[in-house]
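Below is one structure; the comments refer to it alone.
There are 2 protein chains.
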Amino acid sequence: MLGATPFETIALWAVLGIALLGLAYALFLRRQIMAEDKGNPKMIEVWEAIRQGADAYLGRQLKTILPLIVVLTVALFFSVYIVPPSAEALERFPSLTPDRVKLVIGLGRAVAFILGALFSLMVGQFGMRMAVQGNVRVAAAARTSFDKALKIAYRAGTITGMLTDGLGLLGGTVIFMVFQKAAPDALLGFGFGGTLLALFMRVGGGIFTKAADVGADLVGKVEACIPEDDPRNAAVVADLVGDNVGDCAGMAADIFESYEVTIVSGLILGLALVAITGQIKWIIFPLLVRGIGVLSSIIGTYQVRGKKGEKKGNAMAGINRGFYTSAVLCFISFAFLAHFYMDEWRAFLSVGVGIILAIAIDELTKYFTDTHHTPVKEIARSSRTGPATVILSGLSVGMESTVWAILVIAGTILSAVLIYWGQPVAYVLYGVAMTGIGMLTLTGNNVAMDSFGPICDNANGIGEMAGLEKDARRIMADLDAVGNTTKAITKGVAIGSAVIAAVSLFGSFMTDVTKVQAQMNMPAAEHLLTTGIRVSMPMVLIGMLIGGAVPWLFSSLTINAVSRAASLIVMEVRRQFKIPGLMEGKVKPDYKQAVGICTVAAQKELVGLALLAVLTPLIVGLTLQVEALGGFLAGVILSGQLLAVFMANSGGAWDNAKKTIEDGLYGGKGSDAHRAAVVGDTVGDPLKDTSGPALNPMIKVINLVSLLAAPIIIQYRKMSLGVVLFVAASLIICIVAIWYSKRSGLKEFHQVEESVCAPTQKTE
Amino acid sequence: MLGATPFETIALWAVLGIALLGLAYALFLRRQIMAEDKGNPKMIEVWEAIRQGADAYLGRQLKTILPLIVVLTVALFFSVYIVPPSAEALERFPSLTPDRVKLVIGLGRAVAFILGALFSLMVGQFGMRMAVQGNVRVAAAARTSFDKALKIAYRAGTITGMLTDGLGLLGGTVIFMVFQKAAPDALLGFGFGGTLLALFMRVGGGIFTKAADVGADLVGKVEACIPEDDPRNAAVVADLVGDNVGDCAGMAADIFESYEVTIVSGLILGLALVAITGQIKWIIFPLLVRGIGVLSSIIGTYQVRGKKGEKKGNAMAGINRGFYTSAVLCFISFAFLAHFYMDEWRAFLSVGVGIILAIAIDELTKYFTDTHHTPVKEIARSSRTGPATVILSGLSVGMESTVWAILVIAGTILSAVLIYWGQPVAYVLYGVAMTGIGMLTLTGNNVAMDSFGPICDNANGIGEMAGLEKDARRIMADLDAVGNTTKAITKGVAIGSAVIAAVSLFGSFMTDVTKVQAQMNMPAAEHLLTTGIRVSMPMVLIGMLIGGAVPWLFSSLTINAVSRAASLIVMEVRRQFKIPGLMEGKVKPDYKQAVGICTVAAQKELVGLALLAVLTPLIVGLTLQVEALGGFLAGVILSGQLLAVFMANSGGAWDNAKKTIEDGLYGGKGSDAHRAAVVGDTVGDPLKDTSGPALNPMIKVINLVSLLAAPIIIQYRKMSLGVVLFVAASLIICIVAIWYSKRSGLKEFHQVEESVCAPTQKTE
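Going down the list, the sequences are from chains A and B. So the number in my numbering is just where the residue sits in the first sequence, counting from 1, plus 151. So the number in my numbering is just where the residue sits in the second sequence, counting from 1, plus 151.
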């Protein structure tokens, strides 16, 4: 295979085996969890409501997006018919006629797309279901022992982690083994399927969770002054469901997608080096690194536990122990790999930079959002002069944080330049891709830590609603607090990896376009690798300006969606508060209604936003040509990164500023300062959990669509009637999508508002 | 002169004459205004307080920035000694030795820098002083007639407008006439002086005005529930002074700078075409266009008046009549110019696109920020669910608006491409520059309309504080409302022109760098016009990422400065409220104290921010080279435009949402909805009047520094000890500047806070 040595062939199969081992480990953990006790009937009742809400959301979402998936599968299959098959494809299947090769490549791309989408969906769906199975059991276990509760919570999260690792590695390896040097076509399909589904899960989950959260807080904490998770609040179950669909399904799909895309771009850029050097090690290395990562994660995650039978323990210490075990194992193995297999240290250095990058972004995120440093303290302080100053200082903190984060990213790219100093650009791009590979090596641990958050949060909620014992509640509250920290850390890694992945894809775009241009016999002087993407050309500058605008459009639409859905929840809860006996706790609120509102609201935006992400690069590419499309990608990456970190960190800082006040600062709960801080937190919620994270998969969907569409764009580089019609139709679809997204739900909203808001206002 | 025909020589002298005529017109109007009555002693007393506050601010500011100006003048003089004099310079002064030529060019650049700075300062200072002279006279005139009040207000504003026009045109024309084809060196100095001063006036004025405004609102309207401009509020005079230093001095300097920079880039890009075609018409055309603009403005602005002696009139109609008179005159003259002089219509089309762009941006701004359209209505509606939803919907509106605005800019560049289809890039860049020339043709009218705003606002404030008659108050309130609209329109033009000017400078950067590279005998393949600015090169991508971050850093620091200064004002007003008898109106508050706080706060940031703008391009250029510096500029332009419009429009929309509620919607003043809307308005204030507008001059300062530094960067393209030391020192200065900016005032703030905040909180 591509001149692989026997060792390399064995290594490939071993990686495949490790991927399957990861999945088997997930199954093994699942059996462990399912054998645990679910607690008393009251707990099960609350839990059932959460479970049904989560299932209903996932079912509904699947139905919404299925038609688009079908259309895209067909489009991807036929897309290979537009350009002649690549020389690599013909070489890979020497016994087939060119037409047959086309069929195989087309099928490969379509099947890989479905595979990517399916895997992403599985990670999200199974992961979330396991989280839901886990949370009630954590609550039950907390009644007997801290150790057991921690173990169940972490292992339930690890299942998602292992699914992410296992499926990502499996897909990438299998596709490479089947298609070998013709792999890029299918790999792009695989990457696209994964990112697209992640976009759906992220946006849908983000809107659901924050509509419920913001709505519940606005009307519960702020207006009625009842505590969080109070059973009288009709939105409280929706809020718990939201934690699962947002933090669990959404985040898992998102990280899966980053994990997968870094493999895809690593393999594509590796293949470019294989073509230059004739050595297959550039491909084997990233796969082995990832394989070692999976093994280390299995060993590390299994270490996470407290002391047997203890009532109070340090969960963070246990989780960190697991993480460092994995990290040390990885580090030593990578060094061996570099010395004995690669015969050079540069790839190792690049992977190492990835690990340093993860740590640096983590530290930055902590500095700007945790309660021990100046930024959050200043926000809390500004709460004494009211909500306006809280908002202003939070905006200022978020804006500053994004500056440092992008400097860290720039430093990472610079280090790739320095590591491969004097080598052609292809090596530098490979270095950046390896940084991405390194950064996400310990995805198993990271996702486990992330899912741990919503599991503990939900367990705590179930505990509150089922009125569990004080001791058990304390254990759950402790776990919940640790979960908030681990969630925040993962979010930083997700954002950082997104941009590194996007930059690698940007690199793949260059190589890929040049290959197609060569294949179409365009003169070498016109190849993209020769000309470069020149923002000094007016058309490319225009592309860049348009690209820079896209993340702002996305953010505007998603914030809008959340605030409208949240308003609907506010109206609904206000309506239910007026039901006689409810506030006294005699009548149970109708939780399903609120879940239903969130479910519907979360679906409305999906198709429109996905169409924008898919069509804008096509429009720009077909009208302004590939180089301008490159400018467009650069604009998307720049704006996307800056906005995503700005929103994530402002939101995180407001959240924690509120927490410090709730812990007693400036008058504590119920004070004017607290009220002001709650406004900040509420504004931050959709920024940090919907709009910001949605930009990660969006950036990559756009990059992958550009890569997939590049051959077509080059083919149709002269305007024809067909192209004009296609562009016009796409433009119309985009405008309708924006219009629909802004309008959707507005009518119901106004109706509900008229019927509920006016009378309620009087009673305030 | 450069092969000018007799007609062209006469035309040049005529332009010079028109520039002087504009200044004479300003003097003439000044005499008219000064002859008017200043009203009763009470009015004069209030007015004296405003005048003294404004003078104190300007004096203090001048002292703060003078050292930096001196240092930069010296640096600019010696900068020409680093590279050999250009071939153009040697040709221009054939009788001088090369050393003498260097001296002349160095002196020219230094003197032009001082001239630019001085003119910018004069526009800001004289303009503001005239506005202050005007406002009390408008208040006095409103007691007798609407017509007279309108005329005084508009003519006082026109003085600033004519200064802007006259000085901008004078400087550009004189420099060109003296240096001819060697003009770019001096022109860059002229542009740099103007933009740098504008940055100072913008940032200083913006911080002053919004600290006072936000502080006064927070404590007056929100906490104590007393009306705006209530004399018991200690910050009310500071607020009135702020309107002058921000909306008047800051805005006038900003527009002067745009006016001047579009001339500078128009002449530089025109000279490039002169070099290609040998025709001087490319230079004469923009100067003639601007000259015609000044004449039309003189005629148009003089038309603005109401009907004689009437008590109530339509001020907007009068102002519009003046504007359209000027516009029609321009349009006809330009067509003549194109047909009879240029012998081609493309330059005319480009100028026309500029006018269309101004209208398009105006309409967009209106759609997103005025009270008649959906966005503001939705924000107002969301006030019913509290401040958090108001903030979220405002953010969403601002984000969407910036998307459309950048699409309009992209469309403008595209139209330049289409107009000059098939021509070399130099023509396209010239087209973009002519668009900027066209957009700012009617600067005289625009600045008059803008200054009209704060003049009427102040007149209204003086009326309230001096307790004038009801009839007079109504006239002033009407004028004030119209002033708000005209101010908003100007803001849109200022932002749009900033980016067009920046894109032209970006184009000048390309041509200029290439010229220097050729002069240093670098091979043609390495010239920037040949390679282009390739964001696909890792170093250039890094430059772009860093550039994209700079506007975010600026915004973070300026927002921070405003909110800290506003908090100080809140503390101060709270302290004064506790003075016995003050709330009953028996004791007068100490207005000077609040003015002093704002003055000090406004100075603290100036030098730090200016150093960031000057040093970051030097750091990037010297470490990553000129092409990466080009990427840096692209990043600055993209991010800067997106952020500036986002902030300006969110702020404007919040402002007007609050106004619709104050007009009676959702419970009107004092309702919960109003309280929520006031939070939005307060958050928006620094965004729309400090951070957003400060980005306009910042973008251009960075572009001009890059242009000025390009020869030095090319000269020192190999790292030497000197370069390393310089870069290290610059980095340290930047970090200290950021640190100082974040810390400055913090200590006083905490001191005041401890002494005031805690006891006040109890009484709430």
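Cβ coordinates follow ideal geometry from the N, Cα and C atoms, glycine included. Since this is a predicted model, take the numbers as computed values, not measurements.
Step through the CB atoms of chain B and report whether any lies within less than 7 Å of the CB of residue i.
| i | result |
| --- | --- |
| A:Glu551 | yes |
| A:Lys683 | Rather than Lys, the amino acid found at residue 683 of chain A in this sequence is Gly. Yes, A:Gly683 lies at the interface with chain B (some Cβ there is under 7 Å from its Cβ). |
| A:Ala700 | yes |
| A:Ile865 | no |
| A:Pro218 | no |
| A:Val579 | yes |
Tell me, to the nearest whole angstrom, how far the beta carbon of residue i is from that of residue j; I am working on the premise that it is less than 8 Å.
| i | j | result |
| --- | --- | --- |
| A:Ala362 | A:Gln727 | Not confirmed; about 16 Å, so no contact. |
| A:Ile184 | A:Ile303 | 6 Å |
| B:Leu418 | B:Leu338 | 6 Å |
| A:Lys332 | A:Leu422 | 6 Å |
Sorted by chain position, which residues of the same chain lie with C-beta nearer than 6 Å to residue i's C-beta, five sequence neighbours on each side aside?
| i | result |
| --- | --- |
| A:Val721 | Gly366, Leu369, Val370 |
| B:Arg497 | Ile570 |
| A:Arg353 | Gly401, Asp405, Pro844, Ala845, Pro848 |
| B:Pro862 | Val234, Val667 |
| B:Ala567 | Val579, Gly582, Val583 |
| B:Met616 | Val197, Pro382 |
Taking Cβ positions only, does residue i come closer than 7 Å to chain A?
| i | result |
| --- | --- |
| B:Ala791 | A small correction: the amino acid at residue 791 of chain B is Gly; Ala does not occupy that position in the sequence shown. It does not: the Cβ of B:Gly791 has no partner Cβ on chain A nearer than 7 Å. |
| B:Thr586 | no |
| B:Val568 | yes |
| B:Thr952 | Shown here, chain B extends from 152 to 915; a query on residue 952 of chain B therefore has no answer. |
| B:Ala828 | no |
| B:Ile564 | yes |
| B:Pro768 | no |
| B:Pro674 | no |
| B:Ala785 | yes |
Is DSSP giving residue i helix, strand or coil here?
| i | result |
| --- | --- |
| B:Arg497 | helix |
| B:Arg685 | strand |
| A:Ile377 | coil |
| A:Ala808 | helix |
| A:Pro245 | coil |
| A:Leu733 | coil |
| A:His678 | coil |
| A:Leu269 | helix |
Using a Cβ-Cβ cut-off of 7 Å (strictly less than) and excluding sequence neighbours within five positions of residue i, which residues of its own chain qualify?
| i | result |
| --- | --- |
| B:Ala888 | Gly759, Leu762, Leu763 |
| A:Arg383 | Ile377, Leu733, Met734, Gly736, Pro740 |
| A:Val252 | Pro236, Ala240, Leu241, Phe244 |
Can you list, in chain order, the residues of its chain whose CB lies under 8 Å from that of residue i, leaving out five sequence neighbours each side?
| i | result |
| --- | --- |
| A:Val166 | Leu320, Thr324, Leu438, Leu439, Arg441, Gly442 |
| B:Val771 | Gly694, Ile697, Gly698, Ala779, Leu780, Phe783 |
| B:Val502 | Val440, Phe485, Met585, Thr586, Ile588, Gly589, Thr592 |
Is any heavy atom of the ligand ZN found at a distance shorter than 6 Å from the C-beta of residue i?
| i | result |
| --- | --- |
| A:Met849 | Judged by which ligands are present, the structure shown has none, so any question about the ligand ZN falls away. |
Check whether the region 272–292 of chain B touches the region 607–624 of chain B, taking contact to mean three or more Cβ pairs, one atom from each stretch, closer than 8 Å.
yes
Segment contact, 8 Å Cβ cut-off, at least three pairs: the region 444–461 of chain B with the region 302–316 of chain B:
yes
Using a Cβ distance threshold of 8 Å, determine whether the region 453–469 of chain B contacts the region 182–200 of chain B, with at least three qualifying pairs required.
no
Check whether the region 321–330 of chain A and the region 809–828 of chain A are in contact - that is, three or more C-beta pairs closer than 8 Å.
no
Does the count of Cβ pairs from the region 825–839 of chain B and the region 770–785 of chain B closer than 8 Å reach three?
no
Does the region 769–780 of chain A come close enough to the region 686–702 of chain A to have 3 or more Cβ pairs within less than 8 Å?
yes
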